[in-house]
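> If you read the sequence shown in the numbering used here, its first letter stands for residue 1229, the second for the next number, and so on.
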Amino acid sequence: MPTVFAPGITIQPFDFQSRTRLVFGPGKIDELGPIAMALGLKRALMVSDPGIVAAGHTARGRNSLEQFGITVTLFDGVAENPTTDHVEAGLTVARDFKPDLIVGLGGGSSMDCAKGINFLYSCGGKMQDYWGEAKATGPLLPMIAVPTTAGTGSETQSYALIADAKTHVKMACGDKRAAFRVAILDPELTVTQPPRVTALTGIDALAHAIETYVTKRRSAISLAFSREAWRHLAPNFSRVLEEPQNLPARAEMQLGACLAGLAIENSMLGGAHALANPLTAEYEIVHGEAIALMLPHIIRHNGRQVGDWYRELLHSNGELSTLATTDHAADALADFISAISHRAGLAGTLTECGVSRESLPRLAAAATKQWTGKFNPIELTQRDFQQLYEAAF
Ligand SMILES: [Fe+2]
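Here it is as structure tokens:
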């Protein structure tokens, strides 16, 4: 129950602890070695993906570690939407190498895979054992995150999203001990993102700022992170789409995505993610595109009850505050998301993505099982989910 401190002021109880040291700035990847050495660590397993290796970022991080006397081995078998198979492959490398540090260097997939490997290497069992909250059975190895995208905010969350390789169900596996010890945010690393990756990760980060702002778990702390994330992300998404080499805009996006990750850690997510996950599981629509498809519809739906919260969020950004002055702030926000998704080249309808109407009852049933939907400000029934999918045709 909210605690009432004074008439008109209600502050939800919260328990906030910053678990991840944040090191931000251009060129900061070169501090990976000194930071690991200061933690007294000697053997680093780097978890990365082939695209990041090709961009040269993995080698730069490796050089920094090796210059400071740290022995490194690389697992670069991560792919988009990592599955239990990717985690198992990384676990085999970890068991041979016996690291005392895991470095997740890449996008959300590399960072989540690093967490998954850590769960299994440190505590045994299989990934499914860690589905849910606080399932680790002992301490985990220290980890350092070096994100190369501005999207998931995995660097500031204690959750790993790993898909079951057989069922394709996305499992959110969370434990406070799985939070990164340090996250190095170097915006120079995000400049090499291909345009589509910039689009997919940017819309996801924006969705995180918006969804966290209205969840049932929203608190004074999470709202501060959501608002600040929105302030950094909203005006800069179109800038990085149009000017990929714009380092100040890239820096704003990276910081915004990280702050949105902190918002998720403190308030969870909502209906857009519950709607998106079944689209990824059944139709392999990538996460950012699935989010872009569904976010405007859930904003309109929630806006019937929490329109003033969306208005507040719009007000918090000077560049976009004129949107808050319309009668229907939720509709203005939904239109803004649709327009920016279109500009980013993302699909606007489920038809474009090959989704069949016959699958809607099945998708809606799957959406009701998504844990994240429980935190949406309005209860969502299977019928609601189906109507929201229908609206996206
Ligand atoms: Fe997301």
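Glycine included, each C-beta is placed from N, C-alpha and C at the ideal position.
At a cut-off of 7 Å, would you count alanine 1620 as near ligand 1, judging by its Cβ distance to the nearest heavy atom?
As a first step, residue 1620 must be located in the sequence shown, where it is residue number 392. No; taking the cut-off as 7 Å, the Cβ of alanine 1620 has no heavy atom of ligand 1 nearer than that.
> Check whether the Cβ of alanine 1435 sits closer than 7 Å to any heavy atom of ligand 1, and report yes or no.
For the purposes of this step, residue 1435 is taken as residue 207 along the sequence shown, with counting starting at 1. Checking the Cβ of alanine 1435 against ligand 1 gives yes.
> Looking only at C-alpha atoms, which of Ala1502, Ala1520, Gly1297 and Phe1564 sits nearest to leucine 1591?
Looking up residue 1591 in the sequence shown gives position 363. Minimum Cα distance to leucine 1591 is reached at Ala1502.
> List, from N- to C-terminal side, the alpha helix (DSSP H) runs of 4 residues or more that fit wholly inside the stretch 1245-1298.
The stretch 1245-1298 contains these whole alpha helix (DSSP H) runs: 1260-1266, 1278-1283 and 1285-1295.
> Within the same chain, show all residues whose beta-carbon is closer than 6 Å to that of threonine 1380, passing over the 5 residues directly before and after it, in chain order.
Stepping through the sequence shown from its first residue, residue 1380 is reached at position 152. Around threonine 1380: Gly1336.
> Could you say if the stretch 1370-1379 and the stretch 1478-1493 meet the contact criterion of at least three C-beta pairs nearer than 8 Å?
Contact holds: three or more Cβ-Cβ distances are below 8 Å.
> Would DSSP call alanine 1364 helix, strand or coil?
Within the sequence shown, residue 1364 is the residue found at index 136, counting from 1. It is coil, neither helix nor strand.
> Check this for me: beta carbons of histidine 1529 and alanine 1491, under 8 Å apart or not?
For the purposes of this step, residue 1529 is identified with residue 301 of the sequence shown, where counting begins at 1. For the purposes of this step, residue 1491 is identified with residue 263 of the sequence shown, where counting begins at 1. Taking 8 Å as the Cβ cut-off, histidine 1529 and alanine 1491 do not qualify as a contacting pair.
> Among residues of its own chain, excluding the 5 on either side of alanine 1500, which ones have a beta-carbon nearer than 7 Å to its beta-carbon?
Here residue 1500 refers to the residue found at position 272 when the sequence shown is read from its first residue. Taken in chain order, the residues that qualify are Ala1435, Glu1439, Ile1519, Met1522, Leu1523 and Ile1526.
> Is it right to say serine 1292 is buried, meaning 16 or more other beta carbons lie within 10 angstroms of its own, or is it exposed?
Along the sequence shown, one-based indexing puts residue 1292 at 64. By the 10 Å Cβ count, serine 1292 comes out buried.
> Put proline 1422 into one of helix, strand or coil per three-state DSSP.
Within the sequence shown, the letter at position 194 stands for residue 1422. If DSSP states are grouped into helix, strand and coil, proline 1422 belongs with coil.
> With respect to the alpha helix (DSSP H) encompassing leucine 1333, which residues constitute its N-terminal and C-terminal limits?
As a working mapping, residue 1333 is identified with position 105 in the sequence shown. Run containing leucine 1333: none in the alpha helix (DSSP H); it sits in the beta strand (DSSP E), 1329-1334.
> Smallest Cα separation from proline 1327: which of Thr1418, Val1442, Thr1299 and Gly1353?
The residue you call residue 1327 lines up with position 99 of the sequence shown. Of the listed residues, the one whose Cα sits closest to proline 1327 is Thr1299.
> Is aspartate 1340 a contact residue of ligand 1, with contact defined as CB to any heavy atom under 7 Å?
For the purposes of this step, residue 1340 is taken as residue 112 along the sequence shown, with counting starting at 1. Aspartate 1340: no, Cβ never under 7 Å from ligand 1.
> What three-state label does DSSP hand alanine 1457 in the structure shown?
Within the sequence shown, numbered from 1, the residue matching residue 1457 stands at position 229. Helix, per DSSP.
> Could you tell me the boundaries of the alpha helix (DSSP H) in which alanine 1388 lies?
The residue given as residue 1388 occupies position 160 in the sequence shown. Taken as a continuous stretch (DSSP letters only), alanine 1388 belongs to no alpha helix (DSSP H), being part of the beta strand (DSSP E) at 1387-1391.
> For threonine 1443, which residues from the same chain have a beta carbon less than 8 Å from its beta carbon, with the 5 sequence-adjacent residues on both sides left out?
Here residue 1443 refers to the residue found at position 215 when the sequence shown is read from its first residue. Ser1450, Ser1495, Met1496, Leu1497, Gly1498, Phe1603, Asn1604 and Pro1605.
> Judging by CA-CA distance, which residue of Glu1308, Leu1329 and Phe1296 is the nearest neighbour of leucine 1302?
Position 74 of the sequence shown, counted from the start, is the residue given in the question as residue 1302. With distances taken between Cα atoms, leucine 1302 lies closest to Leu1329.
> What is the rounded straight-line gap between the Cα of arginine 1288 and the Cα of methionine 1274?
For this step, residue 1288 is matched to residue 60 along the sequence shown. For this step, residue 1274 is matched to residue 46 along the sequence shown. C-alpha separation (whole angstroms): 12 Å.
> Is the Cβ-Cβ distance between methionine 1265 and phenylalanine 1242 less than 8 Å?
Here residue 1265 refers to the residue found at position 37 of the sequence shown. Here residue 1242 refers to the residue found at position 14 of the sequence shown. Cβ distance not < 8 Å, so methionine 1265 and phenylalanine 1242 don't count as in contact.
> From Leu1578, Asp1304 and Gln1610, pick the residue whose C-alpha is nearest to that of leucine 1277; which is it?
Along the sequence shown, read from residue 1 onward, the residue named residue 1277 stands at position 49. A small correction: the amino acid at residue 1277 is aspartate; leucine does not occupy that position in the sequence shown. For aspartate 1277, the nearest C-alpha among the options comes from Asp1304.
> Can you check whether the CB of lysine 1398 is closer than 8 Å to the CB of threonine 1508?
Along the sequence shown, read from residue 1 onward, the residue named residue 1508 stands at position 280. Along the sequence shown, read from residue 1 onward, the residue named residue 1398 stands at position 170. Contact: yes.
> Does DSSP put proline 1370 in a helix, in a strand, or in coil?
Counting from 1 along the sequence shown, the entry for residue 1370 is found at position 142. DSSP places proline 1370 in coil when its eight states are reduced to three.
> How close, in whole Å, do the beta carbons of glutamine 1614 and arginine 1446 come, if the pair is a contact with beta carbons under 8 Å?
Translated into the one-based positions of the sequence shown, residue 1614 becomes position 386. Translated into the one-based positions of the sequence shown, residue 1446 becomes position 218. Actually they do not touch by this definition, with Cβ atoms about 27 Å apart.
> For glutamate 1361, which residues from the same chain have a beta carbon less than 8 Å from its beta carbon, with the 5 sequence-adjacent residues on both sides left out?
If you number the sequence shown from 1, residue 1361 lands on position 133. Around glutamate 1361: Gly1402 and Asp1403.
> Output needed for histidine 1460: all residues of its chain with C-beta closer than 6 Å, excluding positions within five of it in sequence on either side, in chain order.
Locating residue 1460 in the sequence shown gives position 232, where the first residue counts as 1. So the list reads Glu1480, Leu1483 and Gly1484, once near-sequence residues are dropped.
> Starting from leucine 1578, follow the alpha helix (DSSP H) in both directions and report where the run begins and ends.
For the purposes of this step, residue 1578 is taken as the residue at position 350 of the sequence shown. Looking at the DSSP string, leucine 1578 is not in any alpha helix (DSSP H), and its letter there is neither H nor E.
> Candidates Ala1620, Gln1610 and Glu1512: which alpha carbon is nearest proline 1310's?
Working through the sequence shown from its first residue, we reach residue 1310 at position 82. Among Ala1620, Gln1610 and Glu1512, the Cα nearest to that of proline 1310 is on Glu1512.
> Any heavy atom of ligand 1 closer than 7 Å to the beta-carbon of histidine 1529?
For this step, residue 1529 is matched to residue 301 along the sequence shown. No, the beta carbon of histidine 1529 sits no closer than 7 Å to any heavy atom of ligand 1.
> Are the stretch 1419-1426 and the stretch 1257-1272 touching by the rule of at least three beta carbon pairs closer than 8 Å?
Touching, no, given that fewer than three Cβ pairs across the two stretches are closer than 8 Å.
> Taking just the CA atoms, how far does histidine 1396 sit from leucine 1588?
Within the sequence shown, the letter at position 360 stands for residue 1588. Within the sequence shown, the letter at position 168 stands for residue 1396. Taking the straight line from one Cα to the other gives about 17 Å.
> On the DSSP bridge assignment, give the partners of cysteine 1401 in chain order.
Residue numbering aside, residue 1401 sits at position 173 when the sequence shown is read from its first letter. Cysteine 1401 pairs with Gly1360 and Ala1388.
> On a Cα-Cα basis, can you pick out the residue from Glu1540, Ser1350 and Gly1279 that is closest to glutamate 1456?
For the purposes of this step, residue 1456 is taken as the residue at position 228 of the sequence shown. Closest by alpha carbon: Glu1540.
> Using only the alpha-carbon positions, how far apart do methionine 1229 and isoleucine 1565 sit?
Looking up residue 1229 in the sequence shown gives position 1. Looking up residue 1565 in the sequence shown gives position 337. With a pLDDT of 39 at methionine 1229, under the threshold of 50, the modelled position of that residue is not reliable, and no figure is offered here.
> Taking 7 Å as the cut-off, does the CB of isoleucine 1519 come closer than this to any heavy atom belonging to ligand 1?
What you label residue 1519 is simply residue 291 of the sequence shown in a count that begins at 1. Because some heavy atom of ligand 1 lies under 7 Å away, the Cβ of isoleucine 1519 counts as near it: yes.
> For alanine 1462 and leucine 1548, I'd like the C-alpha separation in whole angstroms.
Reading the sequence shown from its first residue, position 234 is the one you call residue 1462. Reading the sequence shown from its first residue, position 320 is the one you call residue 1548. Rounded to the nearest angstrom, the two C-alpha atoms are 8 Å apart.
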